[in-house]
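Comments concern the structure below.
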């Protein structure tokens with residue numbers, strides 16, 4: 527299934543599928559849906575360009591929302607804010623922007639680029655930089671190809687624009703994170719300026735089409751009273767990890783992230799077992815009865831057991847009945863460079879990555 | 527006395543005079559001297575343009591060091607860092623820079639623009655934006671004329687560049703202050719992009735010539751065993767406030783500023799009296815036996831009683847023998863708009879300004 531444009535009618539499925547790939551992060555799909563639907567209604571459909579068809583002379587920028595998802599749900603971006611970020615970066619670069627791309631997959635961050643493309647009247651590339659969501663800016667496959675975060679632009683809903691042109695990605699992350707916190711813990715960013723060949727080489731193809739497909743699978747499973755999680759796991763080549771009830775959530779918004787731990791008590795076949803999810807915006811590590819059963823860089827997805835709707839880490843609540851599963855990440859995340867960027871050890875877990 | 531160029535030989539007097547106008551802030555003159563002398567040795571003399579001769583089609587940027595002076599004395603800027611800030615801002619503005627200007631007078635901030643002008647091969651305007659030093663970015667006469675801090679560029683000694691293009695000066699201050707703290711509490715800034723007519727209208731003329739003159743007065747008074755403070759007070763039309771010994775200094779580096787209070791015990795004619803200096807980078811309020819005797823926006827200058835060398839607030843030490851005097855600020859600081867920006871009430875002192 528290859529989409530060629532995104533209309534208002536596609537937004538719900540994309541948001542729902544993207545939230546699953548968001549592995550607990552990537553923002554609340556409800557907010558992504560609202561923003562994208564409003565922009566598409568105002569500006570008309572957005573043209574979607576398959577990754578392989580991006581021309582050599584393309585000037586590509588990614589657009590995303592940065593910050594604590596716990597804050598994003600209460601502090602919505604302003605309409606103009608989204609297009610302002612790539613515009614500020616293009617001004618600094620002195621280049622004429624031709625294509626918008628997604629930095630990551632997620633309920634907000636797959637839809638924010640739709641908003642930017644609609645506002646700027648530019649085509650969107652059917653791809654993203656991760657094939658999932660990760661919490662820090664530099665955790666994106668273009669990093670492996672030597673494409674830098676910097677220079678990057680950051681805007682807030684008041685209209686403030688910042689451009690950071692730093693000596694390395696770590697400094698871009700530090701300065702942007704501090705500015706994001708000062709701007710109120712959520713901001714719009716544009717970064718990873720790429721040529722056409724760089725985009726074709728480094729991005730994960732067809733992510734927006736996959737999001738739409740996963741969203742449609744969940745919707746039709748729900749309509750036919752089938753098991754939505756099972757349909758999604760099959761499509762993603764994933765593995766069921768646990769079905770259970772949330773019995774405890776520890777969560778704090780620290781350093782601009784939503785960090786914490788969720789504890790689940792087993793239901794059905796998992797009755798009697800205990801399950802732990804550790805997260806920093808995204809789910810990072812899963813443990814069953816004290817043993818690690820899944821970890822980054824592979825995906826750890828959490829969905830409502832009955833509806834298949836993704837549960838974000840900021841949406842975790844006592845009593846929710848969840849199905850948790852793991853699915854393979856883009857294989858480049860398992861390379862040495864990929865693991866150094868976003869393997870369990872980077873996040874402070876002294877374990878080898880568990881392969882989905 | 528009107529200077530037409532700045533050579534290595536002028537640097538010592540300018541630094542020494544500028545530190546007096548810095549009213550305790552504006553940076554350590556020793557550092558300003560070292561940086562400017564090195565740049566002038568490498569690039570040759572800098573041409574100094576009288577404010578009235580700045581052409582209409584000029585593109586002017588100010589350059590300054592921002593941060594806690596307590597940190598600046600230990601974390602020196604790198605050679606290239608100074609020129610990098612105006613260059614980054616000119617890139618963002620898409621303009622060809624023609625003149626460098628001083629934002630404030632001070633031991634470092636009168637000399638940093640000399641370094642920038644030398645590095646970039648541009649003329650420097652014989653003027654500054656305050657006629658003194660003040661701690662926050664927006665406290666500059668161009669603000670009164672509607673010339674905004676934003677867009678501004680900020681660089682650190684590692685080579686990181688930030689550009690802030692904000693909805694108002696307050697947000698420029700907030701974002702730049704946070705970035706400065708993240709960069710290690712000191713950074714180079716470039717801001718207040720001005721046309722020729724804007725510069726001629728809003729800046730204080732002949733500040734660098736005045737700095738050189740004050741520095742020369744102090745030097746010659748020292749050589750002839752005259753009273754350096756008396757010579758400077760006479761030239762500045764000032765008023766002697768107190769001569770005494772520092773008996774207590776409370777100082778903390780908070781929110782990127784050096785804040786505190788110094789207490790002095792009187793000597794000579796002031797024997798038996800007590801004196802208090804309250805500062806935030808710069809001296810803000812002076813009290814004699816509990817009564818306010820001087821305040822911002824007028825200058826409160828502190829110099830070594832014997833040598834006339836300015837004592838910065840970060841250089842205050844127990845046992846120093848100081849002469850403190852007040853001198854009139856540029857009259858525009860006493861306008862309603864000037865007092866709103868940098869009067870005692872802005873700094874949290876519920877008093878009317880004392881006129882020097």
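Protein chains in written order, with the working numbering: chain D, 527 to 882; chain C, 527 to 882.
For glycine and all other residues, C-beta sits at the position ideal for the given N, C-alpha and C.
I'd like the list of long-range same chain contacts for residue i, defined as Cβ closer than 7 Å, with 5 residues on each side in sequence excluded.
{"i": "residue 692 of chain C", "result": "676, 698, 701"}
{"i": "residue 726 of chain D", "result": "577, 578, 580"}
{"i": "residue 617 of chain C", "result": "none"}
{"i": "residue 859 of chain C", "result": "823, 868"}
{"i": "residue 674 of chain C", "result": "695"}
{"i": "residue 546 of chain D", "result": "740, 758, 827, 829, 836"}
{"i": "residue 864 of chain C", "result": "670, 823, 858"}
{"i": "residue 662 of chain D", "result": "699"}
{"i": "residue 798 of chain D", "result": "792"}
{"i": "residue 764 of chain D", "result": "851, 852, 853, 882"}
Spell out the partners DSSP gives residue i in its beta bridges.
{"i": "residue 690 of chain D", "result": "D/678, C/688"}
{"i": "residue 766 of chain D", "result": "D/851"}
{"i": "residue 771 of chain D", "result": "D/791, D/847"}
{"i": "residue 696 of chain C", "result": "DSSP lists no partner for residue 696 of chain C."}
{"i": "residue 714 of chain C", "result": "C/591, C/681"}
{"i": "residue 893 of chain C", "result": "Past the edges of chain C, shown from 527 to 882, lies residue 893 of chain C, and the structure says nothing about it."}
{"i": "residue 805 of chain C", "result": "C/786, C/809"}
{"i": "residue 531 of chain D", "result": "D/573"}
{"i": "residue 583 of chain C", "result": "None; residue 583 of chain C has no bridge partner."}
{"i": "residue 814 of chain C", "result": "C/801, C/817"}
Chain D beta carbons: is any one of them nearer than 7 Å to that of residue i?
{"i": "residue 859 of chain C", "result": "no"}
{"i": "residue 606 of chain C", "result": "no"}
{"i": "residue 687 of chain C", "result": "yes"}
{"i": "residue 843 of chain C", "result": "no"}
{"i": "residue 622 of chain C", "result": "no"}
{"i": "residue 693 of chain C", "result": "yes"}
{"i": "residue 704 of chain C", "result": "yes"}
{"i": "residue 690 of chain C", "result": "yes"}
{"i": "residue 671 of chain C", "result": "no"}
{"i": "residue 573 of chain C", "result": "no"}
{"i": "residue 875 of chain C", "result": "no"}
Looking at residue j and residue i, is the spacing between their C-beta atoms short of 7 Å?
{"i": "residue 664 of chain C", "j": "residue 695 of chain C", "result": "yes"}
{"i": "residue 825 of chain D", "j": "residue 853 of chain D", "result": "yes"}
{"i": "residue 591 of chain D", "j": "residue 735 of chain D", "result": "no"}
{"i": "residue 744 of chain D", "j": "residue 834 of chain D", "result": "yes"}
{"i": "residue 814 of chain C", "j": "residue 787 of chain C", "result": "no"}
{"i": "residue 564 of chain D", "j": "residue 537 of chain D", "result": "no"}
{"i": "residue 659 of chain C", "j": "residue 552 of chain C", "result": "yes"}
{"i": "residue 767 of chain D", "j": "residue 819 of chain D", "result": "yes"}
{"i": "residue 721 of chain D", "j": "residue 679 of chain D", "result": "no"}
{"i": "residue 628 of chain D", "j": "residue 606 of chain D", "result": "no"}
{"i": "residue 667 of chain C", "j": "residue 728 of chain C", "result": "yes"}
{"i": "residue 808 of chain D", "j": "residue 550 of chain D", "result": "yes"}
{"i": "residue 614 of chain D", "j": "residue 687 of chain D", "result": "yes"}
{"i": "residue 802 of chain D", "j": "residue 689 of chain C", "result": "no"}
Within the same chain, show all residues whose beta-carbon is closer than 6 Å to that of residue i, passing over the 5 residues directly before and after it, in chain order.
{"i": "residue 646 of chain C", "result": "609"}
{"i": "residue 572 of chain D", "result": "532, 640, 643, 644, 650"}
{"i": "residue 849 of chain D", "result": "755, 769, 829, 831"}
{"i": "residue 847 of chain C", "result": "771, 831"}
{"i": "residue 575 of chain C", "result": "649, 651"}
If contacts are defined as beta-carbon pairs under 8 Å, then residue i and residue j qualify, I think. What distance do you get, rounded to the angstrom?
{"i": "residue 704 of chain D", "j": "residue 713 of chain D", "result": "The Cβ separation is near 11 Å, so there is no contact."}
{"i": "residue 637 of chain C", "j": "residue 784 of chain C", "result": "Between residue 784 of chain C and residue 637 of chain C the Cβ distance is about 19 Å, and since that is not below 8 Å, they are no contact."}
{"i": "residue 730 of chain C", "j": "residue 657 of chain C", "result": "4 Å"}
{"i": "residue 589 of chain D", "j": "residue 612 of chain D", "result": "6 Å"}
Is the CB of residue i under 7 Å away from at least one CB in chain C?
{"i": "residue 683 of chain D", "result": "no"}
{"i": "residue 708 of chain D", "result": "yes"}
{"i": "residue 701 of chain D", "result": "yes"}
{"i": "residue 718 of chain D", "result": "no"}
{"i": "residue 618 of chain D", "result": "yes"}
Report all residues from its chain with a CB closer than 8 Å to the CB of residue i; omit the five preceding and five following residues, and keep chain order.
{"i": "residue 742 of chain C", "result": "539, 543"}
{"i": "residue 626 of chain C", "result": "586, 587, 588, 589, 612, 639, 642, 643, 646, 648, 649, 650, 651"}
{"i": "residue 881 of chain C", "result": "824, 854, 860"}
{"i": "residue 685 of chain C", "result": "604, 606, 607, 610"}
Going along chain E in order, which residues have a C-beta closer than 9 Å to the C-beta of residue i?
{"i": "residue 614 of chain D", "result": "Considering every chain present, this structure includes no chain E. Its protein chains are D and C."}
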